[in-house]
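First comes the structure, then the notes that go with it.
Structure (structure tokens):
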């Protein structure tokens, strides 16, 4: 397992729409835990990456991070949650792009970071598991500002057709220095995300309230079932 920091290429035409987001991305300190890169990224690979990029989204504090850690332990390529990376960086440099200070700036930076994550992930073979994705960030910005970015970005940069959602789980929910909202706010965000993914045509698969190892088995089994439907995706392992 290799820890790569700031291993990103150019962001292409996506930033024509958002302008200043590239500068925000260059300021971040992020990490992508994954296998070593095996191929250079290219704009032409966007469609080919769709079914390899798997999003785990849903309620904050619902066990996403422990699930991604389990997938990484099994040698799978994973991408850490953008929000956590942004919050750590902003706190370290006393910045204001924090969800409890300036939610709009936070969401814009999350969009830039998720686009960069996709570029980095395109260098990898096989499944790549994302702790949240571009839809999460775009849905947050649209909720805060009313800007119609969800359909624009969510339609242009797709992930695997089946998105895995962690449901609200009060018994394991905790607030910390990087997660300062309460459980009710987490549930409201969860409901918006389920609606957002469904509106973009994704199959929403709700994860059961079981341990991370069992959840990893659930996801890998579901992806194998989808891959066995045949075609190019049957070659993804």
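In the numbering used here, the protein residues as written are 2 to 238.
Even for Gly, the Cβ is constructed at its ideal location relative to N, Cα and C.
Are the Cβ atoms of residue 87 and residue 98 separated by less than 8 Å?
-> yes
Cβ atoms of residue 118 and residue 80: under 8 Å apart, would you say?
-> yes
Strand pairing of residue 206, partner residues [DSSP] = 165
Touch check for the stretch 180 to 198 and the stretch 161 to 172: three-plus C-beta pairs under 8 Å?
-> yes
Counting only the same chain and skipping the five closest in sequence on each side, list residues whose C-beta sits under 7 Å from that of residue 255.
-> Any answer about residue 255 is impossible in this case: the structure gives the chain only from 2 up to 238.
Exposed or buried, what is residue 93 when buried is set at 16 or more other beta-carbons lying within 10 Å of its beta-carbon?
-> exposed
For the alpha helix (DSSP H) containing residue 290, list its first residue and its last residue.
-> Outside the displayed span of the chain (2 to 238) sits residue 290, for which this structure offers no information.
Would you kindly work out how many angstroms separate the C-alpha atoms of residue 212 and residue 68, rounded to a whole number?
-> 8 Å
Kindly list the residues whose CB is nearer than 6 Å to the CB of residue 210, restricted to its own chain and excluding five residues on each side of it in sequence; keep chain order.
-> 170
Within 10 angstroms of the Cβ of residue 123, are there 16 or more other Cβ atoms? Answer buried if so, exposed if not.
-> buried
Using a Cβ-Cβ cut-off of 7 Å (strictly less than) and excluding sequence neighbours within five positions of residue 223, which residues of its own chain qualify?
-> 163, 206
Nearest to residue 61 by alpha carbon, out of 139, 173, 129?
-> 173
Integer-rounded CB distance, given that residue 151 should sit under 8 Å from residue 58 = Rounded, the Cβ-Cβ distance is 13 Å, inconsistent with contact.
What does a CB cutoff of less than 7 Å around residue 139 pick up in its chain, not counting 5 residues either side in sequence?
-> 112, 150, 151, 154, 155
Given a cut-off of 8 Å, decide if residue 130 and residue 188 are closer than it, judged by their beta-carbon atoms.
-> no
Is the CB-CB distance between residue 134 and residue 53 below 8 Å?
-> no
Could you pull out every residue in the same chain whose Cβ sits closer than 7 Å to the Cβ of residue 197, ignoring the five residues on either side in sequence?
-> 136, 140, 151
What first and last residue would you give for the beta strand (DSSP E) that runs through residue 57?
-> 54 to 59
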